[in-house]
Every structure is written in structure tokens, then in C-alpha cells.
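Colleague: So the sequence shown is numbered by the working numbering: it starts at 28 and just counts up by one.
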Amino acid sequence: MHAAANLIATRQGEYCILDLALPGLEPESAGVLLLDPENDALHVLLRRDWQIIAPPDDAEVLEALPGDLELKARELGGKRCLEFLEDCLSHVLRIGERNSVMVQDFRRALRRLYRQYVHSTVQEFRTHLPVYSLRAAAGKWGDGQDVEMEGFEEVLDDRPLSNDMFIAYVQGRSMEPKIPSGSRCLFRAAGAAGSRVGRDFLIENFGLSENEGRYTVKRYFSEKRYTEEGWEHARITLAPLNPEFERWELGPGDFRVIAEFVCVID
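1) When DSSP labels each residue in this structure, what does residue 262 get in the three-state scheme?
2) For residue 134 and residue 293, I'd like the C-alpha separation in whole angstroms.
3) Report yes if the CB atom of residue 195 is closer than 7 Å to the CB atom of residue 287, and no otherwise.
4) Check each candidate in 122, 181, 55 and name the one with the smallest Cα separation from residue 113.
5) Measure the C-alpha to C-alpha separation of residue 54 and residue 103 and round it to an integer number of angstroms.
6) Does the segment 137-150 come close enough to the segment 65-75 to have 3 or more Cβ pairs within less than 8 Å?
7) Have a look at residue 210 and residue 241 and give me their C-alpha separation to the nearest angstrom.
8) Kindly indicate which three-state DSSP category residue 157 falls into: helix, strand or coil?
9) With residue 114 as the anchor, note down where its alpha helix (DSSP H) starts and where it stops.
10) Tell me whether the beta-carbon of residue 201 lies closer than 7 Å to the beta-carbon of residue 267.
11) Let me make sure I understand the geometry here. Which of 119, 182, 280 has the alpha-carbon closest to that of residue 52?
12) Cα separation between residue 58 and residue 45?
13) Any idea if residue 246 is buried or exposed, counting beta-carbon neighbours within 10 angstroms, 16 or more meaning buried?
14) Going by CA-CA distance only, name the one from 272, 263, 43 that's closest to residue 105.
15) Among 212, 47, 251, 93, which residue has its Cα nearest to the Cα of residue 81?
16) Would you list, in sequence order, the uninterrupted alpha helix (DSSP H) runs of no fewer than 4 residues that lie entirely inside the segment 182-222?
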């Protein structure tokens, strides 16, 4: 009975890779089409660097393609839309063969397939953000780590990006269900303005050396008191979202707030 409760439902899906074949250039992957036959839905994810890889006239047409495909899928249904594209696309845009895939979550599967097959131009802090090697703990403090940038990765939604954002992993269950263990998360560097109370932050506990730290993600709460020198923190609490985990109380000098959690990206 317990094992059955842990089973995750999967559905059959079909995906095709869309290729761009511009005259005089080698074809390259342009995006992914993922069909959900059970719900007759076609999920589309295309690259966004058309102005870089295509001539201006072609780029203008290609930029309108995602909206056109979504409209066509709503009008025809996912199955008929994919059949229509298989019959019509053959020149600049070419559609590959269908492949079967078992899917738990179509949105996540679409993004996974895109990352596997499509390699778009890196546009720093416009479509791509830096990925850092730290593994923040959603539970106990993570191990001491030397943090390095591993490269840039495309953020696959239309969210405005800025140069104070980055991507890092979160391990552990204390912030579930909001942040599943193993998630790659988007963070924004924490500024000094505004109250931090009730918001979720990436926090560093001072490690054994200046170059080592321990990291966790928790919801931040604080109580202040007034002294002759002004307001100061009387108590700071880092709270989990998962009731199986306990709150921690820290002194103001025990930690540093690094960044605010924005969202899970994968």
C-alpha cells in the first residue's frame, strides 16, 4: 500500500525537433514540439536568438512563430496541428521524426528536451544567467564549499532578467512543497531596502575560512528592539515550510543573507 502511494503517474508523449535550415548554413535545432495525446495539447518551446542567427527578414517571421503555433494548436487541437506541420514544413523550417517519451509533467519534460537538443546563443542576463556550483541545503546547513561559476544557462520563460540574478541548486526537503529537493532555483541578490520578514532567502553561515561557507534556504523572520543606538535585531529565526523540520534561531553575527529566492526553474 505504501509503495503504491509513492508511484508517480506517467503519460505517453511524442516529441519532434524543429530544425532551422537557412540557405548556405548548416541546419541547427530551433525548438521542440511535445504532443500530449491524452489531452490533445501541443507544447511548443523555441529558441529566442533569431536576430542573431537569421537575416532580419527571416528573424522577424521567426519571432512571431511561437504565437502562431500556439494559436494554430488551439484552433486545430494538438494532434491535427502536429500533422499539419509535418505536411507543410520543409524549407527553412524542417520538422524531425516523432519520438515517444514517458512524461510525468509536460512542462518539465518540454524544458528538459529543449536543453538536450537546442543550444541557443548565450545572451548574458538577457536570456541566460550564471549557474553557481553551490548546493544550498533545504534542511541542515550544507557542507563547506568553494563556490565557482559553472557557466551560463538559458532561463526558459519570459521573465525579465537582470545582472543581480543567478541559478543554484537546492538540496533537501525543508522547503517543500515550494522548493522540491534537487531543484535548480533562480535567486536575486538581496538588497538592503525593504523588510525581509516572511520572505525566502539563500543564507550563508560563516564557515571555517573566508573562502568557505555553508548555505541554506529558509524563510526569514526577525524581532527588533530599540536601544540608545537605535533599532537592532533581538532574535532572528530561519523557518522551514515543511512542518517535519524545526526552526532555527541565530544571532545577527552568525550569518549573512546572500540572495532572495525567486522561483524554481527546473
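Ideal placement from N, C-alpha and C gives every residue a C-beta, glycine not left out.
Predicted, not measured: the structure shown is a model, and the values here were computed from it.
Modeller: Well, looking at it:
1) In the structure shown, residue 262 adopts extended strand secondary structure according to DSSP, grouped into three states.
2) Distance from the CA of residue 134 to the CA of residue 293, rounded to the nearest whole angstrom, comes to 10 Å.
3) Residue 287 sits away from residue 195, with the two beta carbons spaced by 7 Å or more.
4) 122
5) 28 Å
6) yes
7) 18 Å
8) Three-state DSSP puts residue 157 in a strand.
9) 105-115
10) yes
11) 119
12) 5 Å
13) buried
14) When only C-alpha atoms are compared, the closest one is 43.
15) Ranking 212, 47, 251, 93 by CA distance to the CA of residue 81 puts 47 first.
16) Note on the segment 182-222: there is no whole alpha helix (DSSP H) run with a minimum of 4 residues.
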